[in-house]
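Everything on this sheet refers to the single structure shown next.
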Amino acid sequence: MSVERVDTLVIGAGQAGVAMSEHLGKAGVPHLVLERHRIAERWRSERWDSLVANGPAWHDRFPNLEFAGDPDAFPGKESVADYFVAYAEKIGAPIRCGVEVTSVEAQSGRRGFRVETSRGPIEAARVVVATGPFQRPIIPAIVPETAGLLQIHSNAYRNPTQLPEGAVLVVGAGSSGTQIADELLRAGRRVFLSVGPHGRPPRRYRGRDFVWWLGVLGKWDLETPPAGAEHVTIAVSGAYGGNTVDFRRLAARGMQLVGRAESFKNGVMRFAPDLARNVAQGDADYLALLDEADAYIARNGLDLPEEPEARKIGPDPACMAKPILELDLKQAGVTSIVWATGFAVDYGWLKLPVLDAKGKPRQRRGVSAVPGLYFLGLPWLSRRGSSFIWGVWHDAKFIADQIVIQRSYESYRAAG
Ligand SMILES: Cc1cc2nc3c(=O)[nH]c(=O)nc-3n(C[C@H](O)[C@H](O)[C@H](O)COP(=O)(O)OP(=O)(O)OC[C@H]3O[C@@H](n4cnc5c(N)ncnc54)[C@H](O)[C@@H]3O)c2cc1C
Numbered sequence: 001m002s003v004e005r006v007d008t009l010v011i012g013a014g015q016a017g018v019a020m021s022e023h024l025g026k027a028g029v030p031h032l033v034l035e036r037h038r039i040a041e042r043w044r045s046e047r048w049d050s051l052v053a054n055g056p057a058w059h060d061r062f063p064n065l066e067f068a069g070d071p072d073a074f075p076g077k078e079s080v081a082d083y084f085v086a087y088a089e090k091i092g093a094p095i096r097c098g099v100e101v102t103s104v105e106a107q108s109g110r111r112g113f114r115v116e117t118s119r120g121p122i123e124a125a126r127v128v129v130a131t132g133p134f135q136r137p138i139i140p141a142i143v144p145e146t147a148g149l150l151q152i153h154s155n156a157y158r159n160p161t162q163l164p165e166g167a168v169l170v171v172g173a174g175s176s177g178t179q180i181a182d183e184l185l186r187a188g189r190r191v192f193l194s195v196g197p198h199g200r201p202p203r204r205y206r207g208r209d210f211v212w213w214l215g216v217l218g219k220w221d222l223e224t225p226p227a228g229a230e231h232v233t234i235a236v237s238g239a240y241g242g243n244t245v246d247f248r249r250l251a252a253r254g255m256q257l258v259g260r261a262e263s264f265k266n267g268v269m270r271f272a273p274d275l276a277r278n279v280a281q282g283d284a285d286y287l288a289l290l291d292e293a294d295a296y297i298a299r300n301g302l303d304l305p306e307e308p309e310a311r312k313i314g315p316d317p318a319c320m321a322k323p324i325l326e327l328d329l330k331q332a333g334v335t336s337i338v339w340a341t342g343f344a345v346d347y348g349w350l351k352l353p354v355l356d357a358k359g360k361p362r363q364r365r366g367v368s369a370v371p372g373l374y375f376l377g378l379p380w381l382s383r384r385g386s387s388f389i390w391g392v393w394h395d396a397k398f399i400a401d402q403i404v405i406q407r408s409y410e411s412y413r414a415a416g
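Numbering (UniProt numbering) for the sequence shown: 1 to 416.
So, in structure tokens, the structure goes:
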């Protein structure tokens, strides 16, 4: 059987694969992108119906194409997927959809990789893994499947009608958990939201969206997470036109806040006594950003409207003052749990000595420990923005540069 040969094989055609293709194409590197489903599939089928981008259209995009419509609006998830399809068309990206990569191994005795796919083998001199920052949903082993409740991960949540009648416990108060809990509350559900440590930047302050503030304050460019904040999730939302996530306000609208979900026994869920602390730390994070924004405005003599009311933190709701530490789910009418508890990577198909003890790739700025193997799109790959739409484009540019450099060494007197 003849084997197809490519110079550089990119696995995955989400935003990372599309960005990679653009830079490889510009650099004249022959390449092929394989996608097991459709371009930007996760935006279409692994996210809830009402999801909109967390950043406004002017920001959450690649430099060479704007979204149609209002640049300050938050595009819906289908528009985001359509955007990447249009982008791929615009750059003529060589993307082959419906092809799954099932294994990648090193060639023996020569450079390059042998790649098995659902449509036959491919030999590639280089491989860029762009299979996503959020591949495998994580549900902590707290509530057994036999507990008699519907349990789903946020990536399987679509809309309120999908859940059985009754109250819902949403675990995790990052952007996903908070948005889903809010949607369920608006749909008339009784909602318990388990709130762990989080940051909650202001949606807008003094006339600028938080994505702008993070940009001018250099925070998207941070190379490593601030000490102690490695796992702290960010609660931000573009839903309903974009509003600051405010847990006190959610509680005032009837949401029951609880601390971190810890354990479950005999139908009773136990929560850590950390709700007030988590909310207070979120407030401190919020106020710190306002301080930095004010200082930036003063330092640069900008004429942006003052907004003293943004500093008003509402009173502690009853659920914070007297937190629920134990909840009999049945008695409380809880019939479903949505776990908005994050994702892991899954490289079971990568037969190369490149993963650390936690299953994460050993790499620096996407250049892995295995020559010729690159990773793109991972959180903090080079900076805070790496797993986001605009950030991945810049990381892809860097990786394309590294590939060009290696190809030039390889072509020196064609050593073979
Ligand atoms: C709920 C949610 C909301 C988000 N909102 C925003 C936002 O508003 N703005 C923003 O900037 N970022 C956002 N992100 C973060 C990030 O932009 C997305 O996670 C984005 O999907 C990552 O793109 P990617 O190309 O790196 O990975 P993915 O979108 O995961 O794409 C990887 C692709 O690889 C394919 N693939 C995987 N394995 C194989 C294989 N073995 N063979 C062939 N193909 C394979 C998959 O089918 C997939 O299409 C959000 C993330 C989540 C979870």
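A virtual CB, placed ideally from N, CA and C, is assigned to each residue, including glycine.
These numbers come from a predicted model, not from an experiment.
Check this for me: beta carbons of residue 492 and residue 131, under 9 Å apart or not? Summary: the structure shown does not reach residue 492, with the chain confined to residues 1 through 416, and so no result is reported for it.
Tell me the rounded alpha-carbon separation between residue 33 and residue 105. 17 Å
DSSP three-state label for residue 130, please. coil
If you draw a straight line from the C-alpha of residue 151 to the C-alpha of residue 39, how long is it? 29 Å
How big is the Cα-Cα spacing for residue 241 and residue 178? 15 Å
In its own chain, which residues sit with a C-beta less than 7 Å from the C-beta of residue 249, not counting the 5 before and 5 after it? 314
Check each candidate in 173, 202, 210 and 208 and name the one with the smallest Cα separation from residue 192. 173
Start-to-end residues for the beta strand (DSSP E) that takes in residue 257: 256-258
Nearest to residue 184 (by Cα), restricted to the options 224, 338, 272 and 211: 338
Nearer than 8 Å: is that true of the beta carbon of residue 34 relative to any heavy atom of ligand 1? yes
Any heavy atom of ligand 1 closer than 8 Å to the beta-carbon of residue 55? yes
Nonlocal neighbours in the same chain, by C-beta distance under 7 Å from residue 245, ignoring five residues either side: 178, 200, 235, 236 and 237
Segment limits, alpha helix (DSSP H) that includes residue 91: 77-91
Check whether the Cβ of residue 132 lies closer than 8 Å to any heavy atom of ligand 1, and answer yes or no. yes
Is the beta carbon of residue 220 sitting closer than 9 Å to the one on residue 383? yes
Residue 340 and residue 180 look like a contact to me (Cβ under 8 Å); what is the Cβ gap, rounded to whole Å? 6 Å
Taking 8 Å as the cut-off, does the CB of residue 214 come closer than this to any heavy atom belonging to ligand 1? no
First and last residue of the alpha helix (DSSP H) that includes residue 417? Beyond the ends of the chain as shown, which are 1 and 416, falls residue 417; an answer cannot be given.
For the alpha helix (DSSP H) that residue 265 lies in, which residues bound it at each end? No alpha helix (DSSP H) holds residue 265; the beta strand (DSSP E) holding it covers 261-265.
Our contact map puts residue 175 next to residue 54 with C-beta atoms below 8 Å; I'd like the distance itself, whole angstroms only. 6 Å
Report the residue from 72, 300, 29 and 273 whose alpha carbon sits nearest the alpha carbon of residue 326. 273
Can we count residue 171 as close to ligand 1, meaning its CB is less than 8 Å from some heavy atom? no
Does any heavy atom of ligand 1 sit closer than 8 Å to the C-beta of residue 343? yes
Would you decide whether residue 3 is buried or exposed? Buried here means 16 or more other CB atoms lie within 10 Å of its CB. exposed
Is any heavy atom in ligand 1 found nearer than 8 Å to the beta carbon of residue 37? yes
Can you pull the DSSP bridge partners for residue 204? 209
Using the Cα positions of residue 413 and residue 407, report the straight-line distance between them to the nearest angstrom. 12 Å
Got a sec? Which residues, its chain only, sit under 7 Å from residue 261 by beta carbon, not counting five neighbours each side? 142, 171, 194, 269 and 271
Relative to ligand 1, is the shortest distance from any of its heavy atoms to the C-beta of residue 47 smaller than 8 Å? yes
Residue of 299, 22, 204 and 196 minimising C-alpha distance to residue 280: 196
Checking 9 Å against the spacing of the C-beta atoms, do residue 128 and residue 374 come in under that value? yes
Based on DSSP bridge pairs, tell me the residues matched to residue 96. 34
Is it the case that the Cβ atoms of residue 208 and residue 310 are separated by a distance below 9 Å? no
Taking 8 Å as the cut-off, is the C-beta of residue 390 nearer than that to any heavy atom in ligand 1? yes
Compute the beta-carbon to beta-carbon distance between residue 13 and residue 95, rounded to the nearest angstrom, for a pair I have assumed lies under 8 Å. 5 Å
Can you tell me whether residue 44 is helix, strand or coil according to DSSP? helix
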